[in-house]
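So the sequence shown is numbered by our numbering: it starts at 3 and just counts up by one.
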Amino acid sequence: MAAGWWLFWSLTLSQSLVINISAEGPFPSATTEMTKERIKRWVDKMQEDLVRLVKTASGVDELAQIYLQNTHLYTVEANNARQLVESAARDIEKLLSNRSTALVRLAEAAEKFQQEHQWQDEFASNDIVYYNAKDDLNEEQVDNFA
3 MAAGWWLFWS
13 LTLSQSLVIN
23 ISAEGPFPSA
33 TTEMTKERIK
43 RWVDKMQEDL
53 VRLVKTASGV
63 DELAQIYLQN
73 THLYTVEANN
83 ARQLVESAAR
93 DIEKLLSNRS
103 TALVRLAEAA
113 EKFQQEHQWQ
123 DEFASNDIVY
133 YNAKDDLNEE
143 QVDNFA
């Protein structure tokens, strides 16, 4: 996180310095060349620092070193891009087919259950019991909910 803020601050500072160099104004001073050279050195130094920071934070150098140290663990082979795409397409098609089949089976089972279920159009007053969560509360708590 601190590296991110440092990177942001450095980029902002270098951008403002470059903008100030290009905006000399109507009255350039005698020290403008010295100032330009100094600012150029600062910008170059900040660029070097930023490159070093990015390399350190990203671990690029370590990754390259790990890659070279472990060459015995892997092989690099050419592949056929068309074959890879066809294989992926077949796998996706199979997945979608299985999903479609499962949905059809689910719909058929739901329809069968619906047909076999015996519906009651009328219920007696005490046939259905509903759970009331407020039954477990004391009277003071019930008043707070009302």
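Ideal Cβ positions, reconstructed from N, Cα and C, are used throughout, including at glycine. Predicted, not measured: the structure shown is a model, and the values here were computed from it.
Under the three-state DSSP convention, the category Ala80 falls into: In this structure, Ala80 counts as coil in the three-state DSSP scheme.
Helix, strand or coil at Ala126 [DSSP, three-state]: Ala126 sits in coil when the DSSP states are folded into three classes, being neither helix nor strand.
Work out the CA separation of Ser60 and Ala25 for me, nearest whole Å. Reliability fails at Ala25, whose pLDDT of 49 lies under 50, so the model's placement of it is uncertain and no value is given.
What did DSSP end up calling Gln120 once you bin it into helix, strand or coil? Reduced to three states, the DSSP call for Gln120 is coil.
Please report the straight-line C-alpha distance between Leu52 and Thr58, rounded to a whole angstrom. Spanning the two alpha carbons is a distance of roughly 10 Å.
Roughly how many angstroms separate the alpha carbons of Ile94 and Ala112, rounded to a whole number? Straight-line Cα distance between these residues: approximately 27 Å.
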